[in-house]
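Student: Residue numbers (the numbering used here), protein chains in the order written: chain A, 1 to 111; chain B, 1001 to 1116.
I'd like to ask some things about the structure below.
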Amino acid sequence: QKEVEQNSGPLSVPEGAIASLNCTYSDRGSQSFFWYRQYSGKSPELIMFIYSNGDKEDGRFTAQLNKASQYVSLLIRDSQPSDSATYLCAVKGDYGQNFVFGPGTRLSVLP
Amino acid sequence: KAGVTQTPRYLIKTRGQQVTLSCSPISGHRSVSWYQQTPGQGLQFLFEYFSETQRNKGNFPGRFSGRQFSNSRSEMNVSTLELGDSALYLCASSLWQGITSTDTQYFGPGTRLTVL
Chain A
1 QKEVEQNSGP LSVPEGAIAS LNCTYSDRGS QSFFWYRQYS GKSPELIMFI YSNGDKEDGR
61 FTAQLNKASQ YVSLLIRDSQ PSDSATYLCA VKGDYGQNFV FGPGTRLSVL P
Chain B
1001 KAGVTQTPRY LIKTRGQQVT LSCSPISGHR SVSWYQQTPG QGLQFLFEYF SETQRNKGNF
1061 PGRFSGRQFS NSRSEMNVST LELGDSALYL CASSLWQGIT STDTQYFGPG TRLTVL
């Protein structure tokens, strides 16, 4: 059974701080990794994806992947109250395999 | 380019009835996946269709079924509804051209199903 684990939170950070969200996965054959943001009552929206070990930056967001440790993280710099949402980590294996989602981490950015 | 669309957005049914939900993927996307999301269970994978064929299936009873048409539009059906089927049903599409970079899934707004 392929599993993706996340701390359910809530993770509370003050406005302007760095929020760090973590995700671990069980399948060593996983190839691609995604972060989605979901506001209450809305559907998940893609923040970014990462395929290779290391860091990938997009604006205030940085995804970090360490395949040896089976660990992927999302850093949000200069956190804003509008970043308050649930963040879902998703992992996908090789061709033809489906996505596996983690339970999500609820982030609260306090003004 | 238009996003993923789902109809209807809200649905109220009673136990024992059946329901059909529809999903239109982003133009050119050939893979459509369905998920059930509940507060207690999170996002659970139902099934994935690619080129009109079911490619993957999650751990749901046979009451849950789906299909995909030649234009990549997809439907899912739930028969003999139970109270526990109340959830947000999400559809996601991806381009999938055989390489990892085309694998990204984009979600529709979802259908909120309430079973009374």
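Glycine included, C-beta positions come from ideal geometry on N, C-alpha and C.
If you run the structure through DSSP and keep just helix, strand and coil, what is B:GLY1084?
Tutor: B:GLY1084: helix per DSSP, three-state reduction.
Student: As a quick exercise: from B:HIS1029, B:TYR1010, B:GLN1018, pick the residue whose alpha carbon is nearest that of B:ARG1003.
Tutor: Rather than Arg, the amino acid found at residue 1003 of chain B in this sequence is Gly. The residue with the shortest Cα to Cα distance from B:GLY1003 is B:HIS1029.
Student: At what residues does the beta strand (DSSP E) containing B:ASN1077 begin and finish?
Tutor: B:ASN1077 -> beta strand (DSSP E) spans 1074 to 1078.
Student: Could you tell me the alpha carbon to alpha carbon distance between B:TYR1049 and A:LEU21, rounded to whole angstroms?
Tutor: For B:TYR1049 and A:LEU21, the distance between alpha carbons rounds to 31 Å.
Student: What are the boundary residues of the beta strand (DSSP E) that A:ASN22 is part of?
Tutor: Taken as a continuous stretch (DSSP letters only), the beta strand (DSSP E) holding A:ASN22 covers 19 to 25.
Student: Should the region 2 to 13 of chain A be regarded as contacting the region 74 to 91 of chain A, the criterion being three or more beta carbon pairs within less than 8 Å?
Tutor: Yes: at least three Cβ pairs fall under 8 Å.
Student: State the Cα-Cα distance for the pair B:TRP1096 and A:LEU110, rounded to the nearest angstrom.
Tutor: If I take the Cα positions, the gap works out to 39 Å.
Student: Measure the alpha-carbon distance for B:GLN1041 versus A:GLY54 and round it to whole angstroms.
Tutor: Computed Cα separation, rounded: 31 Å.
Student: May I ask you to list the residues that DSSP assigns as paired with A:ALA85?
Tutor: BP columns for A:ALA85 point to A:LEU107.
Student: Give the DSSP-derived three-state secondary structure of A:ARG77 in the structure shown.
Tutor: Note: A:ARG77 maps to coil in three-state DSSP.
Student: Going along the region 1035 to 1067 of chain B in order, which residues come within less than 7 Å of chain A, judged by CB to CB distance?
Tutor: Going along the region 1035 to 1067 of chain B in chain order, one finds GLY1042, LEU1043, PHE1045, GLU1048, ARG1055, ASN1056 with a Cβ nearer than 7 Å to chain A.
Student: Quick one: using the 10 Å Cβ neighbour count with 16 as the cut-off for buried, is B:THR1080 buried or exposed?
Tutor: With fewer than 16 other Cβ atoms within 10 Å, it is exposed.
Student: Taking buried to mean at least 16 other C-beta atoms within 10 Å of its own C-beta, is A:ALA68 buried or exposed?
Tutor: Result: exposed.
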